[in-house]
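Report on one structure; see the data block that follows.
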Amino acid sequence: MIKTDALIIGAGPTGLFTAHQLKLIGLDCEIVDNLDKIGGQCIELYPDKPIYDIPAIPECTGEELTNNLLEQLKPFNIKFHLGERVDELKKDNEKWKVKTSKGTEFETPNVIIAGGVGSFEPRKFPSKECEQFENKTILYSIKDKKIFDGKTVSIFGGGDSALDWALELSKTSKVNLIHRRDEFRAAQATVDKVKELSNAGKINLITNSQLKTVSGNGKLEEIEIENDNKETKKLKTDFALGFFGLIMQLGPIANWGLNLNKKTVEVDTEKFETNQKGIYAVGDICNYPGKLRLILSGFHEGALAARACFKLARPNEKYRFEFTTSSKTIKNRLGVKSD
Amino acid sequence: MAKITYIENNGKSHSVDVADGLTVMEGAVQNNIPGIDADCGGGMACATCHVYVKDEWFDKINKKSEGEDDMIDQAYEPKKNSRLSCQILVSPEIDGLEVHLPVKQV
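Chains A and B are the protein sequences, given in the same order.
351 is the number that our numbering gives the last residue of the first sequence; the numbers go up by one with no jumps.
103 is the number that our numbering gives the last residue of the second sequence; the numbers go up by one with no jumps.
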């Protein structure tokens, strides 16, 4: 059981800056994120896209913003729990007991949800017949590539994941690569290599086609694909892999007794607290009159939620507002010299 | 201003007036039309405002944005006439536009 002053759910820009604010005012915190990397939507959705509306930063990419926030957090030793989704949240006396998908447990008076639009989950094949084979012979990620040795693998998608795996698995398996159009969004060098292997007969490349249905007795045996002209084709296959990117699901947050508005959590604008005492929501996931889904709004919300945490984490102390330019205490926390 | 008709997958139709300068996605969200999630808020980063546009309208609306097809790759059941409604701009020229919504967005 890990005890901390505040637990942050979500390692996107808002979660990172909220951690900074907590540490500045002398509170401990740890961060959990379902993704296996830090940065949230900035890293998962638009690492290379420039952002133009971060105050005092005329232009930066999602990746640069994340790196700068991490740099700003460097004086503090923040513990990240990546690849873990917060599944359970229960009130226990005045504290919250939190449990993740990997079984990590926390006890904390404050939980700050900085969850963007929920947790990222792989987007699945539309066909209902796929469900019976999922996680066995229909997969959305690869943990052990050895299981494909000598087998026929049908890969769907047109991005880097689909094409990288098509190249990799073509060394040891028979690969069908199926994409809904004839342009690919993967890196050009990868696309060229796939086309080369396709011309050499080493990858069976099928474009302008999508999965229609699957069949098999106990395990996947055959897939049926359909092209733009509604012509269908059956292919024998041992595995089907879908790489259609990630979708955002509110997930377990929906079960925590919070007031929800569509996929967002309602908060007040003083503490950014939800209807549950000690649970806050900041960034894209929170909702209040006038809410703007901007990164800068998330920073403001996190700064206020952090101050609200102080009261519950240090009930016998009084929070005193201080500036980083002049406070000796804050400078000590930052590890910089005072004048 | 343009009248936009959103037709749900079950056939239920919603016609609303949408102000010029908004997007077809915003028209749906502001009028609480079910079936357009718009998780990313119009940033062309999620493909949850996916719609189908019939041929007669497909060429009248503004062309696809750069990168829009990359996101449509990730939509639920994309077709040739798929668009992201956050990239369709509303103007008097598209008065009467009908868009069909997919079975679901994710």
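For every residue, glycine included, the Cβ atom is placed at its ideal position computed from N, Cα and C.
Predicted model only: the values in this text are computed from it and were never measured.
TODO: Please check if any C-beta of chain A sits within less than 7 Å of the C-beta of G18 of chain B.
DONE: Within the second sequence, residue 18 of chain B is the residue found at index 21, counting from 1. Taking Cβ atoms only, chain A never reaches closer than 7 Å to G18 of chain B, which makes this a no.
- [ ] From the DSSP output, read off the bridge partner residues of N239 of chain A.
- [x] Locating residue 239 of chain A in the first sequence gives position 227, where the first residue counts as 1. Note: N239 of chain A sits in a beta bridge opposite A:S221.
Open item on the list: Suppose contacts are defined by Cβ-Cβ distances below 7 Å. Is G22 of chain A in contact with G130 of chain A by that definition?
Closed with: As a first step, residue 22 of chain A must be located in the first sequence, where it is residue number 10. As a first step, residue 130 of chain A must be located in the first sequence, where it is residue number 118. The answer is no: Cβ separation not under 7 Å.
Open item on the list: So, at 6 Å on beta carbons, what are the nonlocal neighbours of M13 of chain A in its own chain, with the 5 sequence-adjacent residues on each side left out?
Closed with: Your numbering for residue 13 of chain A matches position 1 in the first sequence. Non-local C-beta neighbours of M13 of chain A in its own chain, meaning closer than 6 Å and more than five positions away in sequence, comprise E117 and E119, ordered along the chain.
Task: Unbroken beta strand (DSSP E) run spanning N267 of chain A, endpoints - done: Counted from its first residue, the first sequence places residue 267 of chain A at position 255. Counting along the chain, N267 of chain A falls outside any beta strand (DSSP E), and DSSP gives it neither H nor E.
TODO: Going by CA-CA distance only, name the one from A:E75, A:P70, A:D45 and A:F88 that's closest to I57 of chain A.
DONE: The residue you call residue 57 of chain A lines up with position 45 of the first sequence. A quick correction: the sequence has Leu, not Ile, at residue 57 of chain A. Checked all of A:E75, A:P70, A:D45 and A:F88; the closest Cα to L57 of chain A is A:E75.
Task: Minimum Cβ-Cβ distance from Y292 of chain A to chain B less than 7 Å - done: Here residue 292 of chain A corresponds to residue number 280 of the first sequence, with the count starting at 1. Not one chain B Cβ lies under 7 Å of Y292 of chain A.
Task: Contacts around D34 of chain B, its chain only, beta-carbon distance under 6 Å, and the 5 residues preceding and following it disregarded - done: Reading the second sequence from its first residue, position 37 is the one you call residue 34 of chain B. Here D34 of chain B has T45 and Q102 as same chain residues with Cβ atoms under 6 Å from its own Cβ, once five neighbours each way along the sequence are excluded.
Open item on the list: The beta strand (DSSP E) that contains N122 of chain A, what's its start and end?
Closed with: Here residue 122 of chain A is taken as the residue at index 110 of the first sequence, counted from 1. It spans N122 to I125 - the beta strand (DSSP E) in which N122 of chain A sits, taken as one unbroken run.
- [ ] Just list the beta strand (DSSP E) runs in the stretch 51 to 87 of chain B, keeping only unbroken ones of 3 residues or longer that don't cross its boundaries, in chain order.
- [x] Runs of the beta strand (DSSP E) inside the stretch 51 to 87 of chain B: 79 to 81.
Open item on the list: Residues of chain B with CB closer than 9 Å to the CB of R319 of chain A, please, in chain order.
Closed with: In the first sequence, residue 319 of chain A corresponds to position 307, counting from 1. Within chain B, no residue comes near R319 of chain A; the closest Cβ sits about 27 Å away, beyond 9 Å.
Open item on the list: Does the contact criterion of 3 or more C-beta pairs under 8 Å hold for the stretch 241 to 260 of chain A versus the stretch 85 to 105 of chain A?
Closed with: These segments do not touch.
Task: Under 9 Å from the C-beta of G171 of chain A: neighbouring residues of chain B - done: Locating residue 171 of chain A in the first sequence gives position 159, where the first residue counts as 1. In chain order, D67, D70 and Q71 make up the part of chain B whose C-beta sits under 9 Å from the C-beta of G171 of chain A.
Open item on the list: Given a cut-off of 7 Å on the beta-carbon distance, is the pair E65 of chain B and Q84 of chain B in contact?
Closed with: Here residue 65 of chain B refers to the residue found at position 68 of the second sequence. Here residue 84 of chain B refers to the residue found at position 87 of the second sequence. Yes, the Cβ-Cβ distance between E65 of chain B and Q84 of chain B is below 7 Å.
TODO: Would you list, in chain order, the members of the stretch 84 to 103 of chain B that have their beta-carbon closer than 8 Å to a beta-carbon of chain A?
DONE: Residues passing the 8 Å Cβ filter: V100 and V103.
TODO: Using the DSSP secondary-structure output, state which residues sit across from I14 of chain A in a beta bridge.
DONE: Position 2 of the first sequence holds residue 14 of chain A. Answer by DSSP bridge pairing, in chain order: A:F118.
TODO: Have a look at L262 of chain A and V123 of chain A and give me their C-alpha separation to the nearest angstrom.
DONE: Taking the first sequence and counting its residues from 1, one reaches residue 262 of chain A at position 250. Taking the first sequence and counting its residues from 1, one reaches residue 123 of chain A at position 111. Their Cα atoms are separated by approximately 16 Å.
Open item on the list: So that I know if they touch, is there some Cβ in chain B lying closer than 7 Å to that of L57 of chain A?
Closed with: Here the question's residue 57 of chain A lines up with position 45 in the first sequence. Chain B, which has a Cβ nearer than 7 Å to the Cβ of L57 of chain A, makes this yes.
Task: Buried/exposed call for E285 of chain A, threshold 16 Cβ in 10 Å - done: Working through the first sequence from its first residue, we reach residue 285 of chain A at position 273. Under this definition E285 of chain A is a buried residue.
Open item on the list: Between which residues of its own chain and D17 of chain B is the CB-CB distance below 8 Å, once the five residues before and five after are set aside?
Closed with: Residue numbering aside, residue 17 of chain B sits at position 20 when the second sequence is read from its first letter. Around D17 of chain B: M(-2), A(-1), V87, S88 and P89.
TODO: Taking the CB atoms as reference points, tell me whether D60 of chain A and A325 of chain A lie closer together than 7 Å.
DONE: One-based indexing of the first sequence puts residue 60 of chain A at position 48. One-based indexing of the first sequence puts residue 325 of chain A at position 313. The Cβ-Cβ distance between D60 of chain A and A325 of chain A does not fall below 7 Å.
Task: Cβ-Cβ separation, E334 of chain A to I342 of chain A (assumed contact under 8 Å), whole Å - done: If you number the first sequence from 1, residue 342 of chain A lands on position 330. If you number the first sequence from 1, residue 334 of chain A lands on position 322. So it is a contact: roughly 6 Å between Cβ atoms.
Open item on the list: I want to see whether chain A comes within less than 7 Å of D14 of chain B, judged by CB atoms only; does it?
Closed with: Position 17 of the second sequence holds residue 14 of chain B. No, D14 of chain B does not count as interfacial toward chain A.
- [ ] Using a cut-off of 8 Å between C-beta atoms, extract the partners of E195 of chain A located in chain B.
- [x] Position 183 of the first sequence, counting from 1, holds the residue named residue 195 of chain A. The contacting residues are D66.
Task: DSSP beta-bridge partners of F92 of chain A - done: Residue mapping note: residue 92 of chain A aligns to position 80 of the first sequence, counting from 1. Beta-bridge pairing links F92 of chain A to A:I43.
Task: When A:L28, A:E133 and A:C72 are compared against H93 of chain A, the one with the closest alpha-carbon - done: As a working note, residue 93 of chain A is residue 81 in the first sequence. The shortest C-alpha separation from H93 of chain A is found at A:L28.
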